Amino acid sequence: MRTTAGEALVPPQRRSPEGMPAGRGGAPDRRDAMQRRMARIGWGYTSPSLLVIGLVTLFPIVFSLVLSFARVRITYDGFAVEALTLGNYVALLGSGDWYYALGFTVLYTVVTVAIELVLGTLAALVLERLGAGRGWIMALLLIPWSMITVVSAQLWAYIYNSTYGVATWVFESLFGTAPLILGRPVSAIAGMMVADIWKTTPFVAIIVLAGLVMLPQDVYEAADVDGAGPWTTFWRVTLPQLRSTIAVAILFRILQAFGVFDLPFVLTGGGPGIATQSLAVMGYKTLFQDLNIGPGAAIAASTGLLVAGACLLFLRAFKAQVGKEDVT
Amino acid sequence: MSSMGSSMEFSRRSLLAGGALLATAGLAGCAGDTRNPMEGRSTAIPDHPVTIEWLSQELADNEGRDLRRSLVAAFQRRFPTITVDLLQVPPTTDVRRTTLTTQIAGGATSPDVYLGDCAWPPQFAHHALAMPLGRPEDDPGFWSAYPERVVATTLYEGQAWAFPFYLDIAFLYHRADLLAKHDLAVPRTWEEMADTALRLRETGDVRYGFVWQGASSETLTCNFTEMLADAGGALMDDAARRILVDSDAGRQTLEFMSGLIARGVSPAAVGTFAEEQAMTAFSSGQAAFLRNWSYAWGAAGNPEGSAVAGRVGVTLRPTFDGSGRSRLSTLGGWHNFVNPHTRQLGAALAFARWLAQEEAQTIMATTSPYTPTLAAVLADPEVTAQDNPTFRLSADAELVLRPTGTPYYPQVSKAVYTSVNPVLVEGGGDVTEVLAEMAAGMERARDGVAL
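So the protein lines, in turn, are chains A and B.
Position one of the first sequence corresponds to residue 17 (the working numbering), numbered consecutively onward.
Position one of the second sequence corresponds to residue 1417 (the working numbering), numbered consecutively onward.
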């Protein structure tokens, strides 16, 4: 296999499709048939799990999509579709609450993901340089991440509690007065972001750390030889090579942050007013408190569509920037 | 039975849907509630052993034991063929509704009987989550034994959908020791209460004057509704059709509620308080006055969880100076619903109905802190003479209905609490504008077009 000098630097698993050995044109027919048979056997073995995935994932998604285009009523025989309609989406687009929830969710996603990314990368850089204690510290770091969000949200609710919360106490001892953290829109949103950042920064740190330790050392040696300082090395060598790792972390975080539910549900119930009502909380209330099935399904479906769109856009922008490098 | 069937077949919405309904009937298989789930089914009490399941929150009696078990045991003595199993429930009212609606809408046959909030019947009836239990006028012997307003909460389109079980009535709890210490009288009006609360704060004996529930949830709608009634107003008319909140009474109420916080009578934190947080502030000794439901008497008086046990007094809620209405409380409480998919209809009906009747209600009223719905039991001298003063006071309370008669009540309530809550936490603002916005939101909700 002939490679150019440039390609040799790219580890095999990251090689672009064009660089892969040609599997079709040159291979003998016998091997093709063999591959096809293997593929059939593969499909055969995976079909039970595919069936399960279809039942528990695809069916509900399709069903909820259908519901989102329907006027639905619960009857003694279960869900009844009274008519197919675009009305649910029209209702969303005419609802100030929905635009607010969308705005809140986007703001929450952008701010928390950005801060988590910076803090997580910094933590990973420190962790990489740590010697003996790294395992222990990583384990400690993972505690917030491994905690069930409902539980950690309840802990934050205690911290922010306006009569006996520790945050209230700290503010009162320092400034003589304490803000009503969960009672006012701006501080409630900020408090919620802090809780999210506390919980998910370790996740970003671990992913970035995994990328860091896999970086080839020779590039650093080359940079050193060329006289690059630590700052330049970080910006010119480390960060560019971490791009695909960071992209994965961002994608995971966008997906999660956009669906934020447990934090507002536990901390504020969406209040004050509707200040912390995310799309997921709004969908939940519409579906399960108001039993407003069609519009609830429309909120769920449009949220899914929006986050998928956001991720695709991000990936495209990312690919355009990094060139041919495979980001997944 | 046939009259029930036709009333459901031609429900208001179905009539409005008109031709569209006919056109889509084939597509849907079943559009709307076209049949009565009770039709063709036996409601007789089974003569062979059967088991039914009852979903209810834990109800502690005066000894700290489970009242549900005493009730079930008494029921089984009366109906030996029916065994009742208890099911555990999720912790909050809203999560409970979620669980029940998803299960029952999915056709689950369990629970056979479930305890639900008194604000639920129209919504649950509209969505086929409850069994219709007949028209009260067809069974006056049974239904006339309950306060009219309690019966009203069970109705939707003329039928009852639940049997009343226990009441929640709101009271004003106060620190009797502090009032005595400073030689202050128990307030009879809200204005007096505010002055007294401020005086007690100034003495340094308490951190907060008056705590109540202002969190952005149903509990705020309850607080707002009854104070609006104190001022002579209402959210909607009795039929839950006309919206009345945008009124002088509405302005007075909103201004008074936000003024409580602005003047320091109540902490700004009430804007985040539900029952539990307000209760904690009061039972930890931090507040002079508390608005809370009947259960708070027991909670404040229990030395294990309360720092103010034995130092608490209770009255019906005060009213505004010069108001024609007093002794008011939002009607809260819990009813027993029958699952329309139950396989043991006769047994389920017998149990849910028995819980609402004299034997069960007397057991509840004499061994537990729960307020009976049956008027005769509530007025029974043996019940009212108990140590717990909430029984005596409850018999005198004037119950205020939330506009729960519409199946869209959750949306109506949301329009109320999401409008009131920011006024509390942000302080003041233009209350006229807020009320107009609230009324517009309630109108959209009533018409079923709110999100």
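Glycine included, every Cβ here is placed at the ideal spot set by N, Cα and C.
Since the model is a prediction, treat every value here as computed from it, not as a measurement.
From which residue to which residue does the alpha helix (DSSP H) around residue i run?
{"i": "B:Gly1717", "result": "Tyr1711 to Gly1717"}
{"i": "B:Gly1532", "result": "Segment Val1529 to Asp1533 is the beta strand (DSSP E) holding B:Gly1532; no alpha helix (DSSP H) there."}
{"i": "A:Asp234", "result": "Gln233 to Val241"}
{"i": "B:Tyr1624", "result": "Looking at the DSSP string, B:Tyr1624 is not in any alpha helix (DSSP H); the run it does join, the beta strand (DSSP E), is Tyr1624 to Val1627."}
{"i": "B:Tyr1786", "result": "B:Tyr1786 -> no alpha helix (DSSP H), and no H or E assigned at all."}
{"i": "A:Thr302", "result": "Looking at the DSSP string, A:Thr302 is not in any alpha helix (DSSP H), and its letter there is neither H nor E."}
{"i": "A:Asn104", "result": "Gly103 to Leu109"}
{"i": "B:Leu1545", "result": "It is not in any alpha helix (DSSP H) - B:Leu1545 carries neither H nor E in the DSSP assignment."}
Could you tell me whether any Cβ in chain A is nearer than 9 Å to the Cβ of residue i?
{"i": "B:Asp1803", "result": "no"}
{"i": "B:Cys1446", "result": "In this predicted model, B:Cys1446 has a pLDDT of only 36, less than 50, meaning its place in the structure is not dependable; the value taken from the coordinates is given anyway. Output row for B:Cys1446: interface = yes."}
{"i": "B:Tyr1824", "result": "yes"}
{"i": "B:Gly1522", "result": "yes"}
{"i": "B:Glu1842", "result": "yes"}
{"i": "B:Arg1513", "result": "yes"}
{"i": "B:His1757", "result": "yes"}
{"i": "B:His1751", "result": "no"}
{"i": "B:Lys1830", "result": "yes"}
Can you tell me whether DSSP reads residue i as helix, strand or coil?
{"i": "B:Met1868", "result": "The structure shown does not extend to residue 1868 of chain B, since chain B is modelled only from 1417 through 1867, so no value can be given for it."}
{"i": "B:Gly1445", "result": "Low confidence applies here, because B:Gly1445 scores a pLDDT of 35, under 50, leaving its location unreliable and the question unanswered by this model."}
{"i": "B:Val1505", "result": "coil"}
{"i": "A:Gly119", "result": "helix"}
{"i": "B:Ala1831", "result": "helix"}
{"i": "B:Thr1820", "result": "coil"}
{"i": "B:Arg1481", "result": "coil"}
{"i": "B:Glu1553", "result": "helix"}
{"i": "B:Tyr1562", "result": "coil"}
{"i": "B:Thr1888", "result": "Nothing can be reported for residue 1888 of chain B: it is not among the residues displayed for chain B, which extend from 1417 to 1867."}
{"i": "A:Trp185", "result": "helix"}
{"i": "B:Asn1639", "result": "helix"}
{"i": "A:Gly41", "result": "Here the model assigns A:Gly41 a pLDDT of 49, short of 50, so the residue's position is not dependable, and the following value carries that caveat. Residue state, collapsed to three classes: coil."}
{"i": "A:Ala173", "result": "helix"}
{"i": "A:Gln293", "result": "coil"}
{"i": "B:Val1500", "result": "strand"}
{"i": "A:Ala194", "result": "coil"}
Any Cβ of chain B within less than 9 Å of the Cβ of residue i?
{"i": "A:Gly149", "result": "no"}
{"i": "A:Gly275", "result": "no"}
{"i": "A:Trp59", "result": "no"}
{"i": "A:Phe305", "result": "As written in the sequence, residue 305 of chain A is Gln, which differs from the Phe given in the question. Judged by the 9 Å Cβ criterion, A:Gln305 is in contact with chain B."}
{"i": "A:Phe95", "result": "yes"}
{"i": "A:Ala199", "result": "In the sequence under discussion, the amino acid at residue 199 of chain A is Gly, which differs from the Ala named in the question. Interface residue, yes."}
{"i": "A:Tyr105", "result": "no"}
{"i": "A:Leu196", "result": "yes"}
Span of the beta strand (DSSP E) holding residue i?
{"i": "B:Leu1744", "result": "Leu1744 to Thr1746"}
{"i": "B:His1464", "result": "No beta strand (DSSP E) contains B:His1464, which DSSP labels as neither H nor E."}
{"i": "A:Gly150", "result": "Checking the displayed sequence, the identity of residue 150 of chain A turns out to be Arg instead of Gly. Taken as a continuous stretch (DSSP letters only), A:Arg150 belongs to no beta strand (DSSP E), being part of the alpha helix (DSSP H) at Arg150 to Ser162."}
{"i": "B:Phe1579", "result": "Phe1579 to Asp1584"}
{"i": "B:Ile1659", "result": "Unbroken run through B:Ile1659: none, as it is neither H nor E."}
{"i": "A:Ile90", "result": "Ala86 to Thr91"}
{"i": "B:Arg1707", "result": "Ala1703 to Asn1708"}
{"i": "B:Leu1588", "result": "Phe1587 to Arg1591"}
{"i": "B:Thr1800", "result": "B:Thr1800 -> not in any beta strand (DSSP E); alpha helix (DSSP H) instead, spanning Pro1797 to Thr1800."}
Quick check on this structure: which residue in the options has the alpha carbon closest to the alpha carbon of residue i?
{"i": "B:Gly1843", "options": "B:Glu1553, B:Ala1685, B:Asp1796 and B:Leu1771", "result": "B:Ala1685"}
{"i": "B:His1590", "options": "B:Ala1546, B:Asn1708, B:Ser1526 and B:Ala1813", "result": "B:Asn1708"}
{"i": "B:Leu1790", "options": "B:Ala1772, B:Gln1693, B:Asp1863 and B:Gly1523", "result": "B:Ala1772"}
{"i": "A:Leu138", "options": "A:Gly245, A:Ala336 and A:Thr217", "result": "A:Thr217"}
{"i": "B:Ala1768", "options": "B:Gly1864, B:Glu1479, B:Ala1725 and B:Gly1532", "result": "B:Gly1532"}
{"i": "B:Gly1523", "options": "B:Ser1472, B:His1543 and B:Pro1826", "result": "B:His1543"}
{"i": "A:Thr165", "options": "A:Phe191, A:Ala296 and A:Phe281", "result": "A:Phe281"}
I want to know whether the segment 1857-1864 of chain B touches the segment 91-110 of chain A - three or more CB-CB distances under 8 Å. no
Evaluate contact between the segment 1600-1616 of chain B and the segment 265-283 of chain A, counting only Cβ atoms and requiring at least three cross-stretch pairs below 8 Å. no
Touching by the beta-carbon criterion (3+ pairs, under 8 Å), the segment 1709-1726 of chain B and the segment 1652-1659 of chain B: no
Contact between the segment 1625-1635 of chain B and the segment 1663-1682 of chain B is defined here as three or more beta-carbon pairs at a separation below 8 Å; is this criterion met? yes
Counting Cβ pairs, one atom from each stretch, are 3 or more of them under 8 Å apart for the segment 271-278 of chain A and the segment 225-234 of chain A? no
May I ask you to verify whether the segment 130-149 of chain A touches the segment 297-307 of chain A, counting CB pairs closer than 8 Å and requiring at least 3? Cβ pair count under 8 Å is below three, so no.
Three-pair Cβ contact test at 8 Å for the segment 1804-1813 of chain B versus the segment 1502-1514 of chain B: no
Touching by the beta-carbon criterion (3+ pairs, under 8 Å), the segment 1771-1791 of chain B and the segment 1578-1589 of chain B: yes
Stretch pair the segment 1746-1762 of chain B + the segment 1528-1543 of chain B: three plus CB contacts closer than 8 Å: Proximity of the segment 1746-1762 of chain B to the segment 1528-1543 of chain B meets the contact definition, three or more beta-carbon pairs being nearer than 8 Å.
Determine, using beta-carbon pairs with one atom in the segment 1630-1650 of chain B and one in the segment 1727-1741 of chain B, whether at least three such pairs fall under 8 Å. Judged by Cβ distances under 8 Å, the segment 1630-1650 of chain B makes contact with the segment 1727-1741 of chain B, as three or more pairs qualify.
Determine contact between the segment 1558-1576 of chain B and the segment 128-136 of chain A, defined as no fewer than three beta-carbon pairs at a distance below 8 Å. no
Is the number of C-beta pairs between the segment 1738-1749 of chain B and the segment 1807-1824 of chain B that are closer than 8 Å three or more? yes
Closer than 8 Å is the cut-off here; do at least three beta carbon pairs connect the segment 1686-1700 of chain B with the segment 1549-1558 of chain B? Too few Cβ pairs lie closer than 8 Å, so no.
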